[in-house]
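Going left to right, the sequence shown walks through residues 28 to 361 as the working numbering numbers them. Built from N, CA and C at the ideal position, the CB exists for glycine as well. These numbers were taken from a predicted model, which means no experiment stands behind them.
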Amino acid sequence: MKQLMSILLGCLLVCLSANGQDAAKPMRLGMIGLDTSHVVAFTRILNDASRSDHIPGAKVVAAFKGGSDDVESSYTRVDKFTEQLKTDFGVEIVDSIETLCTKVDAVLLESVDGRPHLEQAKPVIAAGLPLFIDKPMAGSLKDVIEIFSLARKAGVPCFSSSSLRYYPSLVELKSKDIGELKGAISYGPCSLEPHHPDLFWYGVHPTEALFAVMGTGCQSVSRTFSPGTDVVSGLWDNGNTGVVYGLRTGHSGYKVTVFGSKGIEDQQGGGSYVPLVKEIVQFFQTGKPPVSARETVELFAFMQAADISKANGGCAVNIPELIRSNGGAWVLKD
């Protein structure tokens with residue numbers, strides 16, 4: 028009996044040791060699309076344990092180059108960033124997304140061009156790997172909804188977010204005692220890219236910050252456009268109003284102002300990529316998206332509605348109808 032107990036105890040210790048080693052082993056991450064500075068910044072935070080802002084638990088080990096021949100910020104930078112990942116971090120560059128999926132536990136889709144995101148996401152979803160999609164999530168509202176629909180049907184965790192959502196300064200702003208929230212203004216750079224709806228390119232960041240404060244429930248959107256400025260106004264189902272003020276000339280930073288029944292508060296300061304990377308790692312580990320599909324779909328509907336409003340002289344565009352017309356009726360029920 029003593030000999031049997033000794034054997035069982037030994038087996039238990041081996042199992043516990045093995046489990047401990049597995050738990051300590053970082054997740055293997057893959058990247059798709061190496062044409063944005065995010066791939067270097069994120070990899071540095073994840074892979075360089077000597078940094079004070081290092082996020083443990085995951086490591087970028089493989090990547091697929093990608094790139095878009097008709098987007099200047101893609102074809103002029105993709106080779107440089109690819110070489111940095113190889114040389115500075117020892118990341119393996121593979122020749123297909125399918126191959127990438129065999130080498131990793133989760134994927135960051137980083138392509139700066141949102142248009143190929145749907146096709147790039149499909150093999151990742153088919154492989155059942157958790158997926159983070161950087162901004163813009165896609166090149167159209169329809170594609171955003173389709174990605175979420177495919178992930179939902181396959182049971183694959185998926186989310187997208189701008190780093191602005193997790194800036195400590197914005198998190199602090201949301202905790203301010205202003206009474207009942209009545210509305211908000213979010214401003215920031217809003218340069219345009221001809222292959223995307225206007226706000227999808229840089230306006231996505233102040234839009235993300237606005238929704239981080241306002242939440243879901245946007246009912247209609249109207250837009251006032253000038254060559255240097257955009258003013259995009261949304262009306263929420265509780266009567267609150269949210270405004271994105273996009274800047275294309277002069278100085279431009281990011282800031283949110285919130286209006287409440289008891290006071291008005293401004294965002295103080297900025298932030299970095301680190302809190303977003305931390306959220307991504309936690310998402311990969313838990314499989315629980317920190318931002319709902321509905322909220323992301325609504326904010327992309329907000330931006331696409333802005334283009335429709337511009338084309339129609341600034342008229343209001345119904346957001347639930349726009350989402351339904353792009354295949355997202357199921358989103359509104361979640």
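- request: Output the residue ranges of the alpha helix (DSSP H) runs that lie fully inside the region 312 to 358 and measure 4 residues or longer, sorted by chain position.
  value: 320 to 338 and 346 to 352
task: Leaving out five residues on either side along the sequence, give the residues of the same chain with a beta carbon under 7 Å from the beta carbon of Leu-380.
output: Since the first residue of the chain shown is 28 and the last is 361, residue 380 is not available in this structure.
message: So if DSSP puts Pro-216 in a beta bridge, which residue, or which two residues, is it bridged to?
response: Counted from its first residue, the sequence shown places residue 216 at position 189. Looking at the DSSP assignment, Pro-216 forms a beta bridge with Leu-274.
message: Let me confirm a value: Glu-173 is counted as buried when at least 16 other C-beta atoms fall within 10 Å, else exposed. Which label applies?
response: Translated into positions along the sequence shown, residue 173 becomes position 146. Buried.
Helix, strand or coil at Arg-192 [DSSP, three-state]: Taking the first residue of the sequence shown as 1, we reach residue 192 at position 165. Residue state, collapsed to three classes: helix.
- prompt: DSSP beta-bridge partners for Met-58?
  reply: In the sequence shown, counting from the first residue as 1, residue 58 sits at position 31. Paired residue(s): Ala-90 and Leu-135.
- prompt: Going along the chain, which residues of its own chain have a beta-carbon closer than 8 Å to the beta-carbon of Lys-282, five neighbours each way excluded?
  reply: Your numbering for residue 282 matches position 255 in the sequence shown. Excluding sequence neighbours, Lys-282 sits near Ser-213, Tyr-214, Gly-215, Asp-293 and Gln-294.
query: Under the DSSP definition of a beta bridge, which residues are partnered with Lys-282?
result: Within the sequence shown, the letter at position 255 stands for residue 282. Partner(s): Tyr-214.
message: Taking the straight line between their C-alpha atoms, what separation do you get for Ala-89 and Gly-206?
response: Sequence index remark: in the sequence shown, residue 89 carries index 62 (1-based). Sequence index remark: in the sequence shown, residue 206 carries index 179 (1-based). In a straight line, the C-alpha of Ala-89 is about 48 Å away from that of Gly-206.
field: Inter-residue spacing [alpha-carbon to alpha-carbon] between Ile-120 and Ala-211
entry: On the sequence shown, residue 120 is found 93 positions in, with the first residue counted as 1. On the sequence shown, residue 211 is found 184 positions in, with the first residue counted as 1. Looking at the two C-alpha atoms, the distance is approximately 43 Å.
query: Under a Cβ-count criterion, where at least 16 other Cβ atoms within 10 Å of its own Cβ denotes burial, should Gln-48 be classed as buried or exposed?
result: For the purposes of this step, residue 48 is identified with residue 21 of the sequence shown, where counting begins at 1. Residue confidence for Gln-48 is low, a pLDDT of 38 falling below 50, so the modelled location carries little weight; the figure read from the coordinates is stated next. Label assigned to Gln-48: exposed.
task: Taking Asp-161 and Lys-289 to be in contact with their CB atoms under 8 Å, please state how far apart those CB atoms are, rounded to whole angstroms.
output: For the purposes of this step, residue 161 is identified with residue 134 of the sequence shown, where counting begins at 1. For the purposes of this step, residue 289 is identified with residue 262 of the sequence shown, where counting begins at 1. With a Cβ gap of about 37 Å, Asp-161 and Lys-289 do not count as contacting.
message: Need the endpoints of the alpha helix (DSSP H) that Val-151 sits in, please.
response: As a working note, residue 151 is residue 124 in the sequence shown. Per DSSP, Val-151 belongs to the alpha helix (DSSP H) from 144 to 153.
message: Measuring straight from C-alpha to C-alpha, what distance separates Glu-99 and Gly-287?
response: By 1-based counting over the sequence shown, the position of residue 99 is 72. By 1-based counting over the sequence shown, the position of residue 287 is 260. Looking at the two C-alpha atoms, the distance is approximately 42 Å.
- request: Report yes if the CB atom of Leu-61 is closer than 7 Å to the CB atom of Phe-108, and no otherwise.
  value: Reading the sequence shown from its first residue, position 34 is the one you call residue 61. Reading the sequence shown from its first residue, position 81 is the one you call residue 108. Yes, the Cβ-Cβ distance between Leu-61 and Phe-108 is below 7 Å.
query: What are the uninterrupted segments assigned as beta strand (DSSP E) that are 3 or more residues long and contained completely in the region 221 to 256, given in chain order?
result: 245 to 253
message: So, with DSSP's three-state summary, where would you put Asp-75?
response: The count along the sequence shown starts at 1 and reaches residue 75 at position 48. Here Asp-75 sits in coil by DSSP.
message: Tell me which residue opens and which closes the alpha helix (DSSP H) that Leu-156 is part of.
response: Numbered from 1 along the sequence shown, position 129 holds the residue referred to as residue 156. Here Leu-156 belongs to no alpha helix (DSSP H), and DSSP marks it neither H nor E.
- prompt: Which same chain residues, not among the five before or five after Ile-152, have their C-beta less than 6 Å away from its C-beta?
  reply: Here residue 152 refers to the residue found at position 125 when the sequence shown is read from its first residue. Around Ile-152: Leu-177, Ala-178, Ala-181 and Val-183.
Endpoints, beta strand (DSSP E) assigned at Ser-187: The count along the sequence shown starts at 1 and reaches residue 187 at position 160. Run containing Ser-187: 185 to 187, per the beta strand (DSSP E) assignment.
query: Expressed to the nearest angstrom, what Euclidean distance is found between the alpha-carbon atoms of Gln-331 and Cys-245?
result: For this step, residue 331 is matched to residue 304 along the sequence shown. For this step, residue 245 is matched to residue 218 along the sequence shown. Each residue's alpha carbon lies about 13 Å from the other.
query: Does the Cβ of Ile-96 have 16 or more other Cβ atoms within 10 Å, making it buried, or fewer, making it exposed?
result: Within the sequence shown, residue 96 is the residue found at index 69, counting from 1. Ile is not the amino acid found at residue 96; the sequence shown has Asp there. Classification of Asp-96: exposed, given that the 10 Å Cβ count is below 16.
Residues that DSSP places opposite Val-258 in a beta bridge: The residue labelled residue 258 in the question sits at position 231 within the sequence shown. In the DSSP assignment, Val-258 forms a beta bridge with Thr-251 and Tyr-272.
field: Identity of the residues DSSP links to Ile-120 by a beta bridge
entry: Counted from its first residue, the sequence shown places residue 120 at position 93. BP columns for Ile-120 point to Ala-90.
message: Below 8 Å, how does it come out for the region 155 to 169 and the region 76 to 92: are there three or more Cβ pairs, yes or no?
response: no
message: Which residue marks the beginning of the alpha helix (DSSP H) containing Glu-99, and which one marks its end?
response: The residue you call residue 99 lines up with position 72 of the sequence shown. From DSSP, the alpha helix (DSSP H) with Glu-99 extends over 99 to 102.
message: Please return the same chain residues whose Cβ sits closer than 6 Å to the Cβ of Phe-69, not counting the five positions on each side in sequence.
response: Counting from 1 along the sequence shown, the entry for residue 69 is found at position 42. Contacts found: Val-304.
message: Given this structure, state the Cα-to-Cα distance separating Thr-256 from Glu-125, to the nearest angstrom.
response: Against the sequence shown, residue 256 aligns to sequence position 229. Against the sequence shown, residue 125 aligns to sequence position 98. Cα-Cα distance, rounded: 42 Å.
- prompt: Counting along the chain, where does the beta strand (DSSP E) carrying Glu-292 start and finish?
  reply: The residue you call residue 292 lines up with position 265 of the sequence shown. Here the beta strand (DSSP E) through Glu-292 covers 291 to 293.
Cβ-Cβ separation, Val-248 to Gly-230 (assumed contact under 8 Å), whole Å: By 1-based counting over the sequence shown, the position of residue 230 is 203. By 1-based counting over the sequence shown, the position of residue 248 is 221. No, Gly-230 and Val-248 are not in contact; Cβ-Cβ is about 12 Å, not under 8 Å.
field: Status (buried if at least 16 other CB within 10 Å, exposed otherwise) for Cys-128
entry: In the sequence shown, counting from the first residue as 1, residue 128 sits at position 101. Per the 10 Å Cβ criterion, buried.
field: Reference His-366, options Leu-56, Val-318, Val-139 and Gly-84, closest by Cα
entry: No statement about residue 366 is possible, as the shown extent of the chain runs from 28 to 361 and does not include it.
- prompt: Which residues in the same chain as Ala-85 place their Cβ atom closer than 7 Å to its Cβ, once the five residues preceding and following it in sequence are excluded?
  reply: Translated into the one-based positions of the sequence shown, residue 85 becomes position 58. Here the set comprises Pro-53, Met-54, Leu-56, Leu-73, Val-308 and Phe-311.
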